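Peer 1: Take 1 as the starting number for the sequence shown in the UniProt record's numbering and just add one per residue.
Backbone N, C-alpha and C define an ideal beta-carbon position, used for all residues, glycine too.
This structure is a prediction, so every number in the text was calculated from the model and none was measured.
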Amino acid sequence: MTNNVERCDYYQKESNNVKSRWGCVVDRNKLNRFYRWPLFIIPDNKEDCENFEIFRQPVSANWTEFPAHDIPPPKCIKAPWSRDNHNGNGIGGNFNTYDWVIPEGIAHEKCVLRMRYNISTNDYESWNTDASSNTDSDTDGSKIDLSKTFKLPNKETAEARGYVFKNNPDVQMFPGLDVKLTLAINTAQFGRTFQDRSHVFEIRQRPAELKDVTIHNLNVRGKRGNNQQVYPAVEYDFVPNTLEINTNDYVHIQWTGSDRNPHNNAGNGRRGTDRNNMVVLKNKVYPEGTPGLAYGGLDVLGQYGANYPMHLDNVTRLIGASTETRAVLQKMALLAPPRYGGHMFLLDNAKAYYDVGPLQFAKEGVFHYMCTRNNAFTNRSQKGRIIVRDASSK
Numbered sequence: 001m002t003n004n005v006e007r008c009d010y011y012q013k014e015s016n017n018v019k020s021r022w023g024c025v026v027d028r029n030k031l032n033r034f035y036r037w038p039l040f041i042i043p044d045n046k047e048d049c050e051n052f053e054i055f056r057q058p059v060s061a062n063w064t065e066f067p068a069h070d071i072p073p074p075k076c077i078k079a080p081w082s083r084d085n086h087n088g089n090g091i092g093g094n095f096n097t098y099d100w101v102i103p104e105g106i107a108h109e110k111c112v113l114r115m116r117y118n119i120s121t122n123d124y125e126s127w128n129t130d131a132s133s134n135t136d137s138d139t140d141g142s143k144i145d146l147s148k149t150f151k152l153p154n155k156e157t158a159e160a161r162g163y164v165f166k167n168n169p170d171v172q173m174f175p176g177l178d179v180k181l182t183l184a185i186n187t188a189q190f191g192r193t194f195q196d197r198s199h200v201f202e203i204r205q206r207p208a209e210l211k212d213v214t215i216h217n218l219n220v221r222g223k224r225g226n227n228q229q230v231y232p233a234v235e236y237d238f239v240p241n242t243l244e245i246n247t248n249d250y251v252h253i254q255w256t257g258s259d260r261n262p263h264n265n266a267g268n269g270r271r272g273t274d275r276n277n278m279v280v281l282k283n284k285v286y287p288e289g290t291p292g293l294a295y296g297g298l299d300v301l302g303q304y305g306a307n308y309p310m311h312l313d314n315v316t317r318l319i320g321a322s323t324e325t326r327a328v329l330q331k332m333a334l335l336a337p338p339r340y341g342g343h344m345f346l347l348d349n350a351k352a353y354y355d356v357g358p359l360q361f362a363k364e365g366v367f368h369y370m371c372t373r374n375n376a377f378t379n380r381s382q383k384g385r386i387i388v389r390d391a392s393s394k
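Shown next as structure tokens:
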């Protein structure tokens with residue numbers, strides 16, 4: 001994702017998917033011994049790699065080619081907009097997301113997703129700037145010429161008026177007026193990688209009988225705690241919390257919890273644990289206009305404003321009336337069987353990972369549901385909506 005899609009062709013051609021990479025492979029014993037040492041920097045070029053030394057002692061290192069993955073280049077799209085000083089919310093007030101269609105042929109028990117956020121300011125030509133613009137002095141600033149950026153006659157004039165790329169410069173905004181303002185600038189933040197996040201997950205082969213159908217993932221995001229405790233994550237939420245599907249589609253309901261949250265984080269059930277379930281909400285407890293009007297006349301099951309669950313006997317049309325309906329609904333509510341035995345009213349004895357498996361919603365309708373453990377009537381609401389439309393009507 002980039003704010004400059006004109007560079008997409010370059011990014012795709014340079015991707016390791018289609019182009020090999022070279023790197024310095026260092027003796028692992030040395031790597032394990034010195035990797036925490038601040039001055040242990042692995043060379044990024046052939047000459048320095050083959051002459052690598054630590055404490056003036058040669059280190060076994062080889063300049064090695066890593067072949068391309070031999071798969072298509074990654075997609076390159078325009079990065080979604082989000083407002084300043086907020087992590088995540090985009091246009092419309094919802095979290096910025098990326099819908100990933102998992103390619104055919106990928107099935108592995110250990111996949112790694114790495115996300116990085118690279119940002120550079122437009123106050124200098126960051127694309128054409130490298131370490132050669134550094135100086136030996138922290139107080140003198142860099143060698144970057146800011147005169148062109150700020151439409152000043154030349155570099156000397158820019159520097160005389162304080163337009164220097166350094167920390168907290170004092171700039172004279174108005175020529176002839178001997179007044180300077182100090183800018184709150186930290187050059188270490190002006191071109192940087194933030195929030196490096198790695199996640200390990202599993203991709204399973206889809207069942208043979210579902211080879212040609214659309215399967216939507218329905219998961220839980222967020223973690224235990226209030227807003228201040230979980231930042232920059234969020235409190236519990238179903239994702240997507242509004243899912244629109246056809247009657248031909250399947251929904252794979254699953255989520256991953258943890259037993260290692262900080263013990264002082266707010267929440268219900270055993271301290272430090274995440275647990276979730278799904279129950280259909282009770283029908284209308286107060287009037288809210290013509291039923292189904294907002295959804296094109298679809299039947300609506302459960303009211304978003306309610307906080308009590310509907311009795312299972314009244315929910316059989318959630319996944320179609322069959323002998324398995326009640327068992328599946330009960331499983332999603334109680335997360336049975338328990339992991340340790342014992343009571344389950346707070347889901348404490350359920351497993352952290354829960355997998356309902358792919359389900360088909362055979363009837364049209366709008367279904368509102370919640371999590372009984374985490375849906376607190378404060379700012380911590382954990383509810384969701386599934387809208388099912390007849391595939392033949394589209």
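In this structure, does DSSP put E65 in helix, strand or coil?
Peer 2: To locate residue 65, count along the sequence shown from 1; it is residue 65. Looking at E65 - three-state DSSP - the assignment turns out to be strand.
Peer 1: Which same chain residues, not among the five before or five after N268, have their C-beta less than 7 Å away from its C-beta?
Peer 2: Position 268 of the sequence shown, counting from 1, holds the residue named residue 268. Hits under 7 Å: L346, R373, N374.
Peer 1: Can you tell me where the alpha helix (DSSP H) with M332 in it begins and where it stops?
Peer 2: On the sequence shown, residue 332 is found 332 positions in, with the first residue counted as 1. Looking at the DSSP string, the run of the alpha helix (DSSP H) that includes M332 is 325-334.
Peer 1: Could you check which residue in L243, S198, D390 has the C-alpha nearest to that of L218?
Peer 2: Position 218 of the sequence shown, counted from the start, is the residue given in the question as residue 218. With distances taken between Cα atoms, L218 lies closest to L243.
Peer 1: Strictly by DSSP, which residues pair up with T220?
Peer 2: Walking along the sequence shown from the start, residue 220 turns up at place 220. Note that residue 220 corresponds to Val in the displayed sequence, not to Thr. The beta-bridge partner set that DSSP reports for V220 consists of F238.
Peer 1: The ligand MN and H311: does any heavy atom of the ligand fall closer than 8 Å to the residue's C-beta?
Peer 2: Questions concerning the ligand MN fall outside what the structure shown contains, since it holds no ligand whatsoever.
Peer 1: In this structure, how does DSSP classify S132 when only helix, strand and coil are distinguished?
Peer 2: Counting from one through the sequence shown, the residue named residue 132 turns up at place 132. If DSSP states are grouped into helix, strand and coil, S132 belongs with the helices.
Peer 1: When burial is assigned at 16 or more other CB atoms within 10 Å of the CB, is residue 419 buried or exposed?
Peer 2: Past the boundaries of the shown model lies residue 419; the chain is included only from 1 to 394, so the question cannot be answered.
Peer 1: Answer yes or no: do R116 and T193 have a C-beta to C-beta separation smaller than 9 Å?
Peer 2: The count along the sequence shown starts at 1 and reaches residue 116 at position 116. The count along the sequence shown starts at 1 and reaches residue 193 at position 193. Going by C-beta atoms, R116 is nearer than 9 Å to T193.
Peer 1: What are the boundary residues of the alpha helix (DSSP H) that C371 is part of?
Peer 2: On the sequence shown, residue 371 is found 371 positions in, with the first residue counted as 1. Looking at the DSSP string, C371 is not in any alpha helix (DSSP H), and its letter there is neither H nor E.
Peer 1: My assumption, with CB atoms under 8 Å, is that Q172 sits in contact with K180. Please give the rounded CB distance.
Peer 2: For the purposes of this step, residue 172 is taken as residue 172 along the sequence shown, with counting starting at 1. For the purposes of this step, residue 180 is taken as residue 180 along the sequence shown, with counting starting at 1. About 5 Å; that satisfies the 8 Å criterion.
Peer 1: Leaving out five residues on either side along the sequence, give the residues of the same chain with a beta carbon under 7 Å from the beta carbon of A79.
Peer 2: The count along the sequence shown starts at 1 and reaches residue 79 at position 79. Answer for A79: M1, T2, N3, listed in chain order.
Peer 1: Return the first residue and the last residue of the beta strand (DSSP E) that residue 457 is part of.
Peer 2: Here the chain comprises residues numbered 1 to 394, so residue 457 is not present and cannot be evaluated.
Peer 1: In three-state terms, what does DSSP make of V126?
Peer 2: As a working note, residue 126 is residue 126 in the sequence shown. A small correction: the amino acid at residue 126 is Ser; Val does not occupy that position in the sequence shown. Reduced to three states, the DSSP call for S126 is helix.
Peer 1: On the DSSP bridge assignment, give the partners of G191 in chain order.
Peer 2: Sequence index remark: in the sequence shown, residue 191 carries index 191 (1-based). Its beta-bridge partners are S120.
Peer 1: Inspect the CB distances between the stretch 250-265 and the stretch 351-364 and report whether three or more fall short of 8 Å.
Peer 2: Yes, the stretch 250-265 touches the stretch 351-364.
Peer 1: Exposed or buried, which one is V112 when buried takes at least 16 other CB atoms within 10 Å?
Peer 2: Residue mapping note: residue 112 aligns to position 112 of the sequence shown, counting from 1. The residue in question, V112, is exposed, as its Cβ has fewer than 16 Cβ neighbours within 10 Å.
Peer 1: Where do the ends of the alpha helix (DSSP H) carrying Q360 lie?
Peer 2: For this step, residue 360 is matched to residue 360 along the sequence shown. Counting along the chain, Q360 falls outside any alpha helix (DSSP H), though it belongs to the beta strand (DSSP E) covering 353-360.
Peer 1: So, at 8 Å on beta carbons, what are the nonlocal neighbours of A391 in its own chain, with the 5 sequence-adjacent residues on each side left out?
Peer 2: Locating residue 391 in the sequence shown gives position 391, where the first residue counts as 1. Contacts found: N246, T247, N248, D249.
Peer 1: By the DSSP assignment, the beta strand (DSSP E) with Q254 in it spans what residues?
Peer 2: Taking the sequence shown and counting its residues from 1, one reaches residue 254 at position 254. Secondary structure note for Q254: its beta strand (DSSP E) is the uninterrupted segment 250-256.
Peer 1: Based on DSSP bridge pairs, tell me the residues matched to L293.
Peer 2: Here residue 293 refers to the residue found at position 293 of the sequence shown. Answer is none; L293 lacks a bridge partner.
Peer 1: Specify the secondary structure class of E156 as computed by DSSP and reduced to three states.
Peer 2: Your numbering for residue 156 matches position 156 in the sequence shown. Helix, per DSSP.
Peer 1: For N314, does the three-state DSSP call read helix, strand or coil?
Peer 2: The count along the sequence shown starts at 1 and reaches residue 314 at position 314. DSSP places N314 in helix when its eight states are reduced to three.
Peer 1: In chain order, what residues of the same chain lie with their CB nearer than 7 Å to the CB of S15, ignoring the 5 residues before and after it?
Peer 2: The residue labelled residue 15 in the question sits at position 15 within the sequence shown. Correct list, in chain order: P73, P74.
Peer 1: On the CB-based measure, 16 or more other CB atoms within 10 Å of its CB, does K282 come out buried or exposed?
Peer 2: Sequence index remark: in the sequence shown, residue 282 carries index 282 (1-based). Under this definition K282 is a buried residue.
Peer 1: Can you give me the C-alpha to C-alpha distance between V59 and D48, rounded to a whole angstrom?
Peer 2: If you number the sequence shown from 1, residue 59 lands on position 59. If you number the sequence shown from 1, residue 48 lands on position 48. Approximately 11 Å, taken between the alpha carbons.
Peer 1: Excluding the 5 residues flanking P232 on each side, which residues of the same chain have their C-beta closer than 7 Å to its C-beta?
Peer 2: As a working mapping, residue 232 is identified with position 232 in the sequence shown. Around P232: N87.
Peer 1: Alpha carbon to alpha carbon, how far is S20 from S198? Give it in angstroms, no decimals.
Peer 2: The residue you call residue 198 lines up with position 198 of the sequence shown. The residue you call residue 20 lines up with position 20 of the sequence shown. Rounded to the nearest angstrom, the two C-alpha atoms are 23 Å apart.
Peer 1: From this set, G292, V285, L298, which residue's C-alpha is nearest G305's C-alpha?
Peer 2: The residue labelled residue 305 in the question sits at position 305 within the sequence shown. In terms of CA proximity to G305, V285 leads the group G292, V285, L298.
Peer 1: Quick one: measure Cβ to Cβ for G365 and L293, integer angstroms, because I've assumed they're closer than 8 Å.
Peer 2: For this step, residue 365 is matched to residue 365 along the sequence shown. For this step, residue 293 is matched to residue 293 along the sequence shown. With a contact defined as Cβ atoms closer than 8 Å, G365 and L293 miss out at about 14 Å.
Peer 1: Given this structure, state the Cα-to-Cα distance separating T64 from A208, to the nearest angstrom.
Peer 2: Numbered from its first residue, the sequence shown carries residue 64 at position 64. Numbered from its first residue, the sequence shown carries residue 208 at position 208. Computed Cα separation, rounded: 41 Å.
Peer 1: Whole angstroms are fine: how far does the CA of G23 sit from the CA of W81?
Peer 2: The residue given as residue 81 occupies position 81 in the sequence shown. The residue given as residue 23 occupies position 23 in the sequence shown. So the alpha carbons of these two residues sit roughly 35 Å apart.
Peer 1: Please report the distance separating the alpha-carbon of L335 from that of N277.
Peer 2: Locating residue 335 in the sequence shown gives position 335, counting from the first residue. Locating residue 277 in the sequence shown gives position 277, counting from the first residue. When rounded, the distance between both Cα atoms is 7 Å.
Peer 1: V239 and P358 look like a contact to me (Cβ under 8 Å); what is the Cβ gap, rounded to whole Å?
Peer 2: Within the sequence shown, numbered from 1, the residue matching residue 239 stands at position 239. Within the sequence shown, numbered from 1, the residue matching residue 358 stands at position 358. Between P358 and V239 the Cβ distance is about 17 Å, and since that is not below 8 Å, they are no contact.
Peer 1: Can you tell which of N307, M344, K363 has the C-alpha that lies nearest to the C-alpha of T378?
Peer 2: Numbered from its first residue, the sequence shown carries residue 378 at position 378. Nearest C-alpha to T378: N307.
Peer 1: With distances taken Cα to Cα, identify the nearest neighbour of G384 among L183, F66, Y98, Q303.
Peer 2: Within the sequence shown, residue 384 is the residue found at index 384, counting from 1. Closest option to G384, Cα to Cα, is Q303.
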